[in-house]
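In terms of this note's numbering, the sequence shown opens at residue 397 and continues consecutively. Yeah, the Cβ is synthetic: ideal placement off N, Cα and C, and Gly gets one too.
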Amino acid sequence: MSSNSIDFKGRVAIVTGAGGGLGRQHALALAARGAKVVVNDLGGARDGSGGSVSAAQAVVDEIVAAGGEAIANGASVTDFEAVQAMVQQAVDAWGRVDILVNNAGILRDKSFSKMEIADFKLVVDVHLMGAVNCTKAVWALMNAQKYGRIVMTTSSSGLYGNFGQSNYGAAKLALVGLMQTLSIEGAKNDIRVNCLAPTAATRMTEDLFPKEMLEAFQPDAVVPAMLVLASQDAPNRTVLCAGAGVFEAAHITLTQGVWLGSGPDAPEQLAARLAEVTSREGEVVPQSGATQGSNEVGKAMAAKVDKA
Numbered sequence: 397m398s399s400n401s402i403d404f405k406g407r408v409a410i411v412t413g414a415g416g417g418l419g420r421q422h423a424l425a426l427a428a429r430g431a432k433v434v435v436n437d438l439g440g441a442r443d444g445s446g447g448s449v450s451a452a453q454a455v456v457d458e459i460v461a462a463g464g465e466a467i468a469n470g471a472s473v474t475d476f477e478a479v480q481a482m483v484q485q486a487v488d489a490w491g492r493v494d495i496l497v498n499n500a501g502i503l504r505d506k507s508f509s510k511m512e513i514a515d516f517k518l519v520v521d522v523h524l525m526g527a528v529n530c531t532k533a534v535w536a537l538m539n540a541q542k543y544g545r546i547v548m549t550t551s552s553s554g555l556y557g558n559f560g561q562s563n564y565g566a567a568k569l570a571l572v573g574l575m576q577t578l579s580i581e582g583a584k585n586d587i588r589v590n591c592l593a594p595t596a597a598t599r600m601t602e603d604l605f606p607k608e609m610l611e612a613f614q615p616d617a618v619v620p621a622m623l624v625l626a627s628q629d630a631p632n633r634t635v636l637c638a639g640a641g642v643f644e645a646a647h648i649t650l651t652q653g654v655w656l657g658s659g660p661d662a663p664e665q666l667a668a669r670l671a672e673v674t675s676r677e678g679e680v681v682p683q684s685g686a687t688q689g690s691n692e693v694g695k696a697m698a699a700k701v702d703k704a
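Rendered as structure tokens:
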């Protein structure tokens with residue numbers, strides 16, 4: 397490695413859902429670059445049923461055999477007390493937690509018309525509330541040590557939609573919203589929060605892609621993006637997309653918009669000028685939600701001046 401290589405010596409990382417697939421690759425890569433790693437995995441089936449710590453322990457054994465340090469944890473990310481105990485386990489072993497990679501997830505895919513509400517709630521609970529639980533459990537610690545790197549795992553299904561994944565997509569885009577606010581709140585204490593949108597051939601995606609695509613989308617091709625987002629020089633509030641060795645970024649933008657006022661014909665005016673309202677020319681990436689209000693007030697005030 398070169399002198400400016402990304403390394404994690406002295407850092408402690410927690411990776412959830414790390415018993416297999418992408419999480420396993422994340423844990424192995426962090427450990428290979430010097431991090432001490434808590435390998436968390438419930439050890440359940442793809443739909444979240446069952447549980448065993450053996451998957452996590454196998455990854456720990458792999459890390460230790462390669463000369464690294466790791467411990468296994470079988471907590472469900474939906475159990476806040478168990479997640480708190482997991483964080484304490486890391487602190488007891490190594491004194492701190494620097495990195496959290498929220499990777500745990502399940503799938504219960506069906507079209508919305510056929511989906512049971514329980515399956516919608518469970519997927520949201522694991523992906524969204526699981527990340528909330530883990531992040532909350534490390535938040536005070538990271539603020540106190542004035543350092544933290546948190547990676548949320550979002551998805552193109554959340555960013556752009558995917559048939560049969562309304563539950564998964566809703567949870568995954570919610571994680572982007574969570575990142576947007578936490579990145580603002582954590583900035584003063586050097587807690588950087590980002591999202592990773594991976595395309596990877598794992599147990600969760602094996603039914604979604606044909607065989608030749610699965611071969612292209614190996615999980616290890618996503619790992620460089622995670623390493624950058626978890627590193628000391630990580631960006632803040634970035635959505636990195638990664639798959640097949642290709643890296644992109646996703647942005648939530650705001651168009652310039654048009655002032656129409658609130659008169660009785662405003663709906664008709666909006667319908668007539670909708671293409672202008674949605675035009676992407678001059679769009680911006682807001683630094684906070686206040687940008688929308690500022691844009692609206694600015695245009696409204698300018699319209700009043702023009703009318704005067």
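Given that a residue counts as buried once 16 or more other Cβ atoms are within 10 Å of its Cβ, and exposed if not, what is residue i?
| i | result |
| --- | --- |
| L666 | exposed |
| G689 | exposed |
| T412 | buried |
| Y564 | buried |
| E664 | exposed |
| P615 | buried |
| M538 | buried |
| F404 | buried |
| R588 | buried |
| G470 | buried |
| H647 | exposed |
| S398 | Note that S398 scores a pLDDT of 48, beneath 50, so its modelled location is shaky; the value from the coordinates is reported in the next line. Exposed: under 16 other Cβ atoms inside 10 Å. |
| W655 | exposed |
| A686 | exposed |
| F460 | The question names Phe, but residue 460 in the sequence shown is Val. Flag for V460 reads exposed. |
| K703 | exposed |
| L569 | buried |
| G363 | The structure shown does not extend to residue 363, since the chain is modelled only from 397 through 704, so no value can be given for it. |
| L670 | exposed |
| Q683 | exposed |
| T634 | buried |
| G406 | exposed |
| V528 | buried |
If you measure between the beta carbons of residue i and residue j, is that distance less than 7 Å?
| i | j | result |
| --- | --- | --- |
| L592 | A621 | yes |
| V408 | W490 | yes |
| N400 | A414 | no |
| V547 | T474 | no |
| V449 | A468 | yes |
| L571 | T595 | no |
| K542 | N590 | no |
| L555 | C530 | no |
| A630 | R545 | yes |
| V479 | A486 | no |
| V483 | A533 | yes |
| A427 | A466 | yes |
| I402 | S627 | yes |
| Q652 | G694 | no |
| G419 | N498 | no |
| Q561 | S552 | no |
| L524 | A567 | yes |
Can you pull the DSSP bridge partners for residue i?
| i | result |
| --- | --- |
| G639 | V642 |
| K432 | V408 |
| L574 | Answer is none; L574 lacks a bridge partner. |
| Q561 | K506 |
| A468 | V435 |
| L592 | T549, L636 |
| I587 | G544 |
| L650 | V680 |
Exercise. Could you tell me which uninterrupted alpha helix (DSSP H) segments, each at least 4 residues in length, are contained entirely in the region 473 to 557, listed from first to last along the chain?
Key: 476 to 490, 513 to 520, 526 to 541, 552 to 556
Exercise. Flag this pair as touching only if the region 452 to 466 and the region 492 to 505 have three or more C-beta atom pairs under 8 Å; answer yes or no.
Key: As far as the Cβ criterion goes, the region 452 to 466 does not touch the region 492 to 505, which means the pair count is below three.
Quiz item: For the region 566 to 582 against the region 610 to 630, are there 3 or more C-beta pairs whose distance is under 8 Å?
Solution: no
Quiz prompt | Contained beta strand (DSSP E) runs [length at least 3] in the region 672 to 699, N- to C-terminal order | solution = none
Self-check item: the region 512 to 520 touching the region 637 to 644, judged by at least three CB pairs closer than 8 Å
Solution: no
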